[in-house]
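So in UniProt numbering, spot 279 of the sequence shown is number 279, and the numbers just go up one at a time. So the structure is just underneath, and the comments pick up after that.
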Amino acid sequence: MTQLDLDGGPPPFGHPMLKYFAFDPDYVNLNHGSYGSLPLPVLAACNKLTMRVESNPDLFVRVQQTELITECRAQIAKFVGAKMNEIVLVRNTSHGINTIMRSFEWNRGDIIVTCSTTYDAMVGLARFLHDGPTHPDISQFVIQWPTSHTAIVAGYRAHLRSIPRHTGQKVVAMIDSITSVPGALMPWQALVQISKEEGVYSVIDGAHSIGQEMNINLGKADPDFWVSNCHKWLFAKRGCAVMFVAERNQGIVKSSFPTSKLYISPADRSFPGESFIEQYNWNGTIDFVPPLSITAGTYLHLVHTALKFRAWLGGEEAINKYCHDMAVRGGAHLASLFGTRVMDETGEFTLNMVNVQIPLPPSVQATDAIDDLFYQKMLAPTNRKTKVSAGIFYHNSTWWTRCSAQIWTELADFEVLGSVLAEVCREVMHETQT
1 MTQLDLDGGP PPFGHPMLKY FAFDPDYVNL NHGSYGSLPL PVLAACNKLT
51 MRVESNPDLF VRVQQTELIT ECRAQIAKFV GAKMNEIVLV RNTSHGINTI
101 MRSFEWNRGD IIVTCSTTYD AMVGLARFLH DGPTHPDISQ FVIQWPTSHT
151 AIVAGYRAHL RSIPRHTGQK VVAMIDSITS VPGALMPWQA LVQISKEEGV
201 YSVIDGAHSI GQEMNINLGK ADPDFWVSNC HKWLFAKRGC AVMFVAERNQ
251 GIVKSSFPTS KLYISPADRS FPGESFIEQY NWNGTIDFVP PLSITAGTYL
301 HLVHTALKFR AWLGGEEAIN KYCHDMAVRG GAHLASLFGT RVMDETGEFT
351 LNMVNVQIPL PPSVQATDAI DDLFYQKMLA PTNRKTKVSA GIFYHNSTWW
401 TRCSAQIWTE LADFEVLGSV LAEVCREVMH ETQT
């Protein structure tokens with residue numbers, strides 16, 4: 001993919017966009033939300049940046065890297081409505097939230113609030129902290145569909161108020177901005193406000209937000225912490241994430257992970273957040289190409305990094321308008337093919353992912369083995385040429401698929417998924433119930 005290929009404006013959204021991605025022609029991707037999909041122009045930028053780095057690694061690391069990362073942080077801070085000194089770059093959302101949660105000085109009687117929809121790796125993190133020497137307790141807030149934003153907000157407030165409190169106790173809530181399964185937009189700004197009112201720290205798992213959720217304004221929402229993957233919906237190279245730590249809390253996150261040579265002991269700091277940014281600018285040798293694939297500023301000023309590519313496509317509003325419309329229309333079409341329903345019938349939970357009931361009875365139990373069976377049959381079939389990807393999950397006694405709509409998606413892709421999933425569901429029922 002050359003620079004010349006991007007002259008003259010983009011083609012229409014839909015299948016004409018497939019030429020800007022490296023997908024196998026037999027592969028239908030409705031699972032962009034899981035791992036992201038790197039556009040070829042951004043891949044070309046990454047390759048060019050790699051060659052620049054390898055031409056003189058010492059020059060890049062010792063002279064150029066910090067300035068480039070600083071410029072990238074400035075652009076991301078503007079994008080999410082935050083102060084630049086509250087934004088750092090990490091490997092992925094799990095890395096960032098682990099850094100934050102492990103930084104708290106936990107005491108017996110402290111509480112970690114999770115949700116029944118919390119991402120499984122974050123559930124594992126909460127269990128790990130609970131298993132530690134000070135054993136903070138875990139309190140789970142249950143969310144089940146059908147529900148509404150209003151019901152979630154009221155239920156969350158009631159849940160926090162039901163937690164026994166005592167002087168000196170820390171309560172830390174892990175809140176999704178957009179849940180993974182089901183793929184659903186949460187009223188997270190309202191949950192942050194309630195957390196403040198109840199004296200609870202808010203740690204926002206925004207893995208799916210940047211690039212999918214419009215008009216993120218962290219300055220206005222004011223969470224305590226927020227982390228989002230740039231490789232999922234923003235078109236950056238995986239893995240790369242942005243981590244926001246409010247100035248007031250930078251003394252909590254005392255060390256980057258791994259700890260940097262620029263770490264300063266709290267007793268030696270002139271203010272609690274001293275060296276916070278510097279630690280993340282350098283905490284060991286890594287591949288700096290993924291974060292710089294977001295934007296490399298004047299270093300690659302003629303090349304389409306992720307933010308430039310998105311601007312060339314028409315900008316955030318155009319991209320997300322198409323993806324949202326396709327998710328809504330595609331979900332309704334798939335449900336009609338199955339004779340089932342979409343999970344979010346009012347639309348308040350739907351951005352660019354849609355959840356559709358699949359024709360699999362609840363008698364098929366949700367296990368890791370069933371998950372593996374689905375993905376084996378969908379991604380590496382032995383009886384069909386077409387490979388298709390979409391999330392499969394079990395919620396509230398029902399099996400669902402989570403479909404991610406992207407700039408290349410058309411209704412025909414949902415038809416392919418419908419045909420394949422109908423066949424796979426029959427195969428799974430036959431193999432598990434005979």
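Think of the CB as a built atom: it goes at the ideal place given N, C-alpha and C, for glycine as much as any other residue.
Count the other CB atoms within 10 Å of the CB of residue i; is the residue buried (16 or more) or exposed (fewer)?
{"i": "L292", "result": "buried"}
{"i": "P41", "result": "buried"}
{"i": "M101", "result": "buried"}
{"i": "L30", "result": "buried"}
{"i": "G132", "result": "exposed"}
{"i": "V63", "result": "exposed"}
{"i": "Y119", "result": "buried"}
{"i": "G8", "result": "exposed"}
{"i": "Q144", "result": "exposed"}
{"i": "F128", "result": "exposed"}
{"i": "D176", "result": "buried"}
{"i": "T382", "result": "exposed"}
{"i": "A241", "result": "buried"}
{"i": "D413", "result": "buried"}
{"i": "P16", "result": "exposed"}
{"i": "A267", "result": "exposed"}
{"i": "residue 465", "result": "This structure leaves residue 465 out entirely; the chain is present only between 1 and 434."}
{"i": "R161", "result": "exposed"}
{"i": "Y27", "result": "exposed"}
{"i": "F23", "result": "exposed"}
{"i": "T150", "result": "exposed"}
{"i": "Q3", "result": "Bear in mind that a pLDDT of 49 at Q3, under 50, signals an unreliable position, so the model cannot answer this."}
{"i": "G239", "result": "buried"}
Three-state secondary structure (DSSP) at residue i?
{"i": "K387", "result": "strand"}
{"i": "C115", "result": "strand"}
{"i": "N47", "result": "helix"}
{"i": "T295", "result": "coil"}
{"i": "S202", "result": "strand"}
{"i": "S180", "result": "coil"}
{"i": "Q65", "result": "helix"}
{"i": "F141", "result": "strand"}
{"i": "L4", "result": "Legend: pLDDT at L4 = 42, less than 50; position of this residue unreliable, value from coordinates given subsequently. Looking at L4 - three-state DSSP - the assignment turns out to be helix."}
{"i": "V153", "result": "helix"}
{"i": "V123", "result": "helix"}
{"i": "V342", "result": "strand"}
{"i": "L191", "result": "helix"}
{"i": "L38", "result": "coil"}
{"i": "L337", "result": "helix"}
{"i": "H166", "result": "coil"}
{"i": "E197", "result": "helix"}
{"i": "E71", "result": "helix"}
{"i": "W408", "result": "coil"}
{"i": "G96", "result": "helix"}
{"i": "F374", "result": "helix"}
Could you give the C-beta distance for residue i and residue j, rounded to a whole number, given that I count them as a contact under 8 Å?
{"i": "N352", "j": "H324", "result": "6 Å"}
{"i": "Q279", "j": "Y263", "result": "6 Å"}
{"i": "S202", "j": "D224", "result": "5 Å"}
{"i": "P182", "j": "M378", "result": "The pair is not a contact, with the Cβ atoms about 18 Å apart (cut-off 8 Å)."}
{"i": "I194", "j": "R157", "result": "5 Å"}
{"i": "M429", "j": "L337", "result": "With 8 Å as the limit, M429 and L337 do not qualify as a contact, their Cβ atoms being about 18 Å apart."}
{"i": "L49", "j": "C72", "result": "No, L49 and C72 are not in contact; Cβ-Cβ is about 12 Å, not under 8 Å."}
Have a look at the DSSP bridge pairing and note the partners of residue i.
{"i": "Y27", "result": "K387"}
{"i": "C403", "result": "V354"}
{"i": "S397", "result": "Partner(s): none; S397 has no beta bridge."}
{"i": "F244", "result": "I87, W226"}
{"i": "I392", "result": "T401"}
{"i": "A173", "result": "V113, S202"}
{"i": "L185", "result": "I178"}
Could you check which residue in the options has the C-alpha nearest to that of residue i?
{"i": "F374", "options": "I194, S148, L191, W399", "result": "W399"}
{"i": "T295", "options": "C230, I143, E86", "result": "C230"}
{"i": "C115", "options": "F128, V172, A412, S34", "result": "V172"}
{"i": "N107", "options": "G124, H130, T117, A121", "result": "H130"}
{"i": "V123", "options": "I216, G239, S180", "result": "S180"}
{"i": "A45", "options": "T346, A306, A327", "result": "A306"}
{"i": "A184", "options": "N215, Q169, I152", "result": "I152"}
{"i": "I111", "options": "T340, P39, P164, T401", "result": "P164"}
{"i": "V289", "options": "L218, D372, A318, M51", "result": "M51"}
{"i": "S404", "options": "Y35, A121, R341", "result": "Y35"}
{"i": "F13", "options": "G314, K387, E105", "result": "G314"}
{"i": "I76", "options": "K220, I216, H304", "result": "I216"}
{"i": "P272", "options": "A246, I407, Q65, K261", "result": "A246"}
{"i": "R91", "options": "P10, D371, Q376, K237", "result": "K237"}
{"i": "A61", "options": "N47, M84, D287", "result": "In the sequence on display, residue 61 carries Val and not Ala. Nearest of N47, M84, D287 to V61, Cα basis: D287."}
{"i": "V200", "options": "H159, A207, E431", "result": "H159"}
Check whether the Cβ of residue i lies closer than 8 Å to any Cβ atom in chain D.
{"i": "T118", "result": "Absent from the structure is chain D; it holds one protein chain and no more."}
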